[in-house]
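> Going by our numbering, 76 is the number at position 2 of the sequence shown; the sequence numbering is gapless. C-beta: ideal position from N, C-alpha, C; glycine also. Just so we're clear, the structure is a prediction, and the values are computed from it rather than from any experiment. Got a structure for you, written out below as structure tokens; questions coming shortly.
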Amino acid sequence: MLTIHSQYKCFNGMQITYSHHSALIGSEMRFGVFIPPQLKNKPMPVLYWLSGLTCTEENFMIKAGAQRVAAELGLMLVIPDTSPRGLGLEGEKQSYDLGEGAGFYVDATQTPWSKNYKMYSYITQELPQIIHSQFHVDEARVGILGHSMGGHGALTIALKNPHIYKTVSAFSPICSAIHSPWGEKAFSAYLGHDKTTWEAYDACELISTRGWQGPPILVDQGTEDAFLEEQLKPSLLEQACQRARVELQLRLQTGYDHSYYFIATFIEDHLRYHSTYL
Numbered sequence: 075m076l077t078i079h080s081q082y083k084c085f086n087g088m089q090i091t092y093s094h095h096s097a098l099i100g101s102e103m104r105f106g107v108f109i110p111p112q113l114k115n116k117p118m119p120v121l122y123w124l125s126g127l128t129c130t131e132e133n134f135m136i137k138a139g140a141q142r143v144a145a146e147l148g149l150m151l152v153i154p155d156t157s158p159r160g161l162g163l164e165g166e167k168q169s170y171d172l173g174e175g176a177g178f179y180v181d182a183t184q185t186p187w188s189k190n191y192k193m194y195s196y197i198t199q200e201l202p203q204i205i206h207s208q209f210h211v212d213e214a215r216v217g218i219l220g221h222s223m224g225g226h227g228a229l230t231i232a233l234k235n236p237h238i239y240k241t242v243s244a245f246s247p248i249c250s251a252i253h254s255p256w257g258e259k260a261f262s263a264y265l266g267h268d269k270t271t272w273e274a275y276d277a278c279e280l281i282s283t284r285g286w287q288g289p290p291i292l293v294d295q296g297t298e299d300a301f302l303e304e305q306l307k308p309s310l311l312e313q314a315c316q317r318a319r320v321e322l323q324l325r326l327q328t329g330y331d332h333s334y335y336f337i338a339t340f341i342e343d344h345l346r347y348h349s350t351y352l
């Protein structure tokens, strides 16, 4: 059962925030949906946006400016939260890069996280089931994109589920989480210290082992991003794609940083890329 928290008319469509009790997560989860005006007439393609560290479902809806182009193209946008919230788990609010706002789109296997931090399964199973049952969407035309931690999520989820996600793109993604301090901290806590288990959630490893037969992967990365060298490492993704003969469109955008100003500048390109192939 969905509860509506807010709804606004936007470019002749509707921007709505919902919550529901997630049986998988074991708590209330929120997500945003932009419903384009065309949705009244025929099943629409659906595009999932995965946000980065510290974000909720609100950041993309408010800051990215995606609704105008999504309305034009007839793309439905789904924007989930980045983690469970308010569970009272030890450590869930102690740092910005672990716990609340930092689910990393994995299914945790370690206590105290394993019972509730199942963001991979939530994004790939439970949330799509809700979307497909409640909205007039085309299940054969689904894409995914995200930013930073969410870019990592979008890449790994698409690479593991090419039968579901036909297109994938990312802004400033954590390209190899097992070689990123952010990823090392989160994976140690969520998945344990056996690093072989981390490979299932690393974009470069998945490119190497599974490849990608879909359209070119689109990645935008700002050259003035403060996290570029230490955390994001797009060169590793580029090398993995070259070795696996996967087509990657890596665009280094001069002077841009890690912020939503960067995302807002190039979000139209990403939406048009997804629309072309969906």
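Give me the DSSP bridge partner(s) of Met-103.
According to DSSP, Met-103 bridges with His-94.
> Could you give the C-beta distance for Leu-356 and Pro-308, rounded to a whole number, given that I count them as a contact under 8 Å?
Coverage of the chain is limited to positions 75 through 352, which leaves residue 356 absent and any answer about it impossible.
> Determine the extent of the beta strand (DSSP E) in which Glu-213 is found, giving its start and end residues.
Start and end: 211–221.
> Do Gly-148 and Pro-117 have their beta-carbon atoms positioned less than 7 Å apart in this structure?
No, they are not a contact pair.
> Short check: CB of Leu-121 to CB of Gly-217, under 7 Å?
Yes, the pair counts as a contact, with Cβ atoms nearer than the cut-off.
> Using the rule of at least 16 other Cβ atoms within 10 Å of the residue's Cβ for burial, across every protein chain shown, is Leu-280 buried or exposed?
By the 10 Å Cβ count, Leu-280 comes out buried.
> Rounded to whole angstroms, what's the CA-CA distance from Leu-151 to Arg-142? Just pull it up for me.
Straight-line Cα distance between these residues: approximately 12 Å.
> Given a cut-off of 7 Å on the beta-carbon distance, is the pair Ser-101 and Leu-161 in contact?
Taking 7 Å as the Cβ cut-off, Ser-101 and Leu-161 qualify as a contacting pair.
> Quick check: what's the CA-CA separation for Ala-138 versus Ser-243?
When rounded, the distance between both Cα atoms is 15 Å.
> Could you give the uninterrupted runs of the beta strand (DSSP E) lying entirely in the segment 109–138, keeping only those of 3 residues or more?
The qualifying runs are 118–124.
> Put Ile-153 into one of helix, strand or coil per three-state DSSP.
Note: Ile-153 maps to strand in three-state DSSP.
> For Thr-91, count neighbouring Cβ atoms within 10 angstroms of its own Cβ and tell me buried if that reaches 16, exposed if not.
So Thr-91 counts as buried.
> Please name the residue or residues paired with Tyr-82 in a DSSP beta bridge.
DSSP lists Gln-89 as partners of Tyr-82.
> Counting along the chain, where does the alpha helix (DSSP H) carrying Arg-317 start and finish?
Unbroken alpha helix (DSSP H) run through Arg-317: 308–318.
> Any contact of the segment 161–180 with the segment 233–243, i.e. 3+ C-beta pairs under 8 Å?
In short, these stretches do not touch, since the Cβ pair count stays below three.
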